[in-house]
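Residue numbers (the numbering used here): 111 to 729.
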């Protein structure tokens with residue numbers, strides 16, 4: 111209807127049973143000479159199917175068409191000529207039925223939303239600038255902050271073992287699925303070795319930088335698709351890239367960063383697939399890769415199944431759910447198949463014929479859930495200290511999305527993804543601080559989506575969509591400088607210089623055949639030949655030297671006197687001195703003298719490195 115329409119006016123359309131204006135029945139003065147006006151009987155075939163004030167659908171049986179008489183459907187007793195006549199007449203009858211086109215309708219009080227068309231090239235420039243900004247932030251002092259962690263060294267050492275034909279440098283214990291460090295090993299091969307960027311851990315941190323950029327891009331596309339706002343998508347990407355928690359942990363060599371990328375890729379394929387089955391299957395494969403990178407991503411499977419239900423049509427919903435679930439489970443369960451083929455699924459003695467000692471997937475899985483290495487209180491304090499604003503804002507956003515999910519189920523999906531992982535962290539009882547990594551992009555998306563709903567409502571009442579973009583860009587403008595000011599002092603510290611100096615001292619002052627006990631972050635550098643020196647084949651990680659039967663019983667013969675040097679940091683010293691710790695290393699440390707100490711200018715005890723030489727007793 112148009113704005114000139116008045117409710118008290120009479121409808122202009124035809125009344126039922128009468129011909130419409132401009133129809134062949136409307137004006138009989140236009141009949142040709144000798145042609146009679148149509149009778150009421152001829153008008154019986156004209157039917158008004160639907161009528162409103164200014165729109166009608168009218169079926170017309172044209173009056174000048176000669177009647178063919180009563181026709182009956184051809185049966186087996188009719189002649190061939192009658193059958194042909196019936197088919198021809200039926201086709202003619204169908205083609206003679208006319209329906210008027212829908213007229214142009216204007217809204218009485220249209221809401222003038224002045225949207226600004228953003229060309230693709232401009233959006234690409236904005237995305238590129240955002241990614242370059244994130245790259246500069248995370249690449250700043252990438253090799254000097256933070257202190258190389260033992261988990262980083264463990265994953266790099268596992269990648270070194272992959273390139274040498276085994277899953278780990280020591281017997282594989284099923285602590286984590288191997289696909290995460292298999293990807294790291296592929297990156298090492300692609301870039302020409304472990305020392306392309308200085309040392310082995312630096313090569314891994316460059317790979318983490320690429321995973322961060324890929325995750326930031328996926329955060330943008332997911333938010334843009336779900337919110338319909340490029341400015342909200344940019345806000346989510348900025349929150350993800352500049353989060354202080356992300357600035358610390360996203361640069362560390364952790365399989366959590368790898369799994370986060372594959373989780374976001376699975377979610378992206380789901381939201382852009384438009385119910386296409388191929389996208390749903392590839393989303394299941396991506397989720398399976400995420401689970402094989404870090405087993406904790408299994409908690410996202412129920413939420414992603416719900417995502418498959420939301421993004422599938424009613425016709426294909428059952429098949430899509432089966433395809434997604436089967437694909438994700440089939441890919442992720444390959445670790446179970448590996449343990450089954452190696453005879454290491456069940457613990458020793460569980461099966462009647464199994465009597466030799468070996469690792470067990472089930473033993474490791476249940477023991478991993480009860481390990482007391484960390485507490486949620488400690489991790490929570492670290493999270494609050496580094497990014498309290500993100501925790502508060504995301505909690506409010508998740509609550510808003512749970513409420514608005516009654517009108518839009520997509521909000522429930524985003525909230526469910528975050529809530530499921532929060533529940534996992536709270537119920538596990540011992541999360542490490544870096545286990546919050548998968549939550550950072552989910553919290554960023556939830557915040558942007560929760561802000562988009564009230565801003566969209568405001569723009570509808572103001573009538574100008576640019577207001578939403580201006581408000582969001584104002585938030586970005588206030589967020590970016592504050593985050594840079596908050597994180598820059600920490601990122602400017604050089605905490606890895608002590609580890610680099612200790613490595614150089616060992617290479618220059620210790621025999622290559624010496625037995626060196628160290629933390630995992632120096633393992634690969636000591637075992638790989640480089641232009642800086644030969645390898646140290648007898649260098650071992652301290653926990654494996656104390657607990658691994660092949661090292662403790664085979665190489666050391668359970669004798670501290672076989673150890674030559676011990677490279678100690680604060681974590682190692684605490685583990686050795688703790689009651690119930692490695693007694694063999696404690697005895698060796700009691701018979702050792704301090705050769706050199708390295709510490710940072712800030713005298714941070716956590717980054718202090720000490721090198722001890724064990725004084726051997728004469729046999």
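Just so you know, even glycine gets a beta-carbon here, dropped at the ideal spot from N, CA and C. Remember, it's a predicted structure, so these values are computed and weren't measured experimentally.
Restricting attention to 647, 612, 611, 639, the CA atom closest to the CA of residue 625 is found in 647. A Cβ-Cβ separation of about 7 Å places residue 319 in contact with residue 252 under the 8 Å criterion.
Closest in C-alpha terms to residue 431, from the list 417, 442, 441, 440, comes 417. Here residue 652 carries a helix assignment [DSSP, helix/strand/coil].
DSSP places residue 681 within a helical segment (H, G or I) once states are collapsed to three. Apart from sequence neighbours up to five positions away, the residues of its chain that approach residue 650 with a beta-carbon distance below 7 Å are 627, 661, ordered along the chain.
In the structure shown, the three-state DSSP call for residue 399 is helix. Beyond the five residues adjoining it in sequence on each side, residue 286 comes within less than 7 Å, by CB distance, of 365, 404, 405 in the same chain, given in chain order. As the crow flies, the alpha-carbon of residue 530 is around 46 Å from that of residue 675. Relative to the Cα of residue 637, the nearest Cα in the group 343, 656, 617 belongs to 617. Just measuring C-alpha positions, the residue of 376, 613, 671 sitting nearest residue 622 is 613. In this structure residue 608 does not touch residue 489 by the C-beta definition: roughly 25 Å separates them, more than the 8 Å allowed. In this chain, residue 642 is not harboured by any beta strand (DSSP E), its DSSP state being neither H nor E. The C-alpha of residue 301 lies about 20 Å from the C-alpha of residue 633. Taken in chain order, the unbroken stretches of alpha helix (DSSP H) that lie wholly in the segment 298-344 and span 4 residues or more are 310-337. Note that the C-beta distance between residue 333 and residue 351 is not below 8 Å. Under the three-state reduction of DSSP, residue 282 is assigned to coil, being neither helix nor strand. Runs of alpha helix (DSSP H) with 4 or more residues, each lying fully within the segment 229-297, are found at 230-249, 260-273, listed in chain order.
Per DSSP, the unbroken alpha helix (DSSP H) holding residue 446 starts and ends at 444-451. Judged by DSSP secondary structure, residue 666 falls outside any beta strand (DSSP E); it is assigned neither H nor E. Taking 8 Å as the cut-off, the Cβ atoms of residue 304 and residue 295 do not count as close. Your pair residue 393 and residue 379 checks out as a contact, with CB atoms roughly 4 Å apart and the cut at 8 Å. Restricting attention to 464, 389, 495, the CA atom closest to the CA of residue 433 is found in 389. Counting only the Cα atoms, residue 396 lies some 19 Å from residue 447. According to DSSP, residue 704 shares a beta bridge with 722.
Out of 248, 314, 697, the CA that lies nearest to the CA of residue 292 is found in 314. A residue is called buried once 16 or more other Cβ atoms fall within 10 Å of its Cβ, and residue 688, having fewer, is exposed. Per DSSP, residue 673 lies in no alpha helix (DSSP H) segment and is marked neither H nor E.
Per the coordinates, the alpha-carbon of residue 476 lies some 15 Å from the alpha-carbon of residue 408.
Taking a contact as a CB-CB distance under 8 Å, the pair residue 535 and residue 541 counts as one, their CB atoms being some 5 Å apart. For residue 420, same chain residues with a beta-carbon under 8 Å away, outside a window of 5 residues either side, are 519, 520, 523 in chain order.
With a beta-carbon spacing of about 7 Å, residue 466 and residue 458 fall inside the 8 Å limit used to define contacts. Bounds of any beta strand (DSSP E) do not take in residue 370; it lies within the alpha helix (DSSP H) bounded by 365-382. For the pair residue 550 and residue 353, the CB atoms are nearer than the 8 Å cut-off. In this structure, residue 696 places its C-beta atom within 8 Å of the C-beta atom of residue 686.
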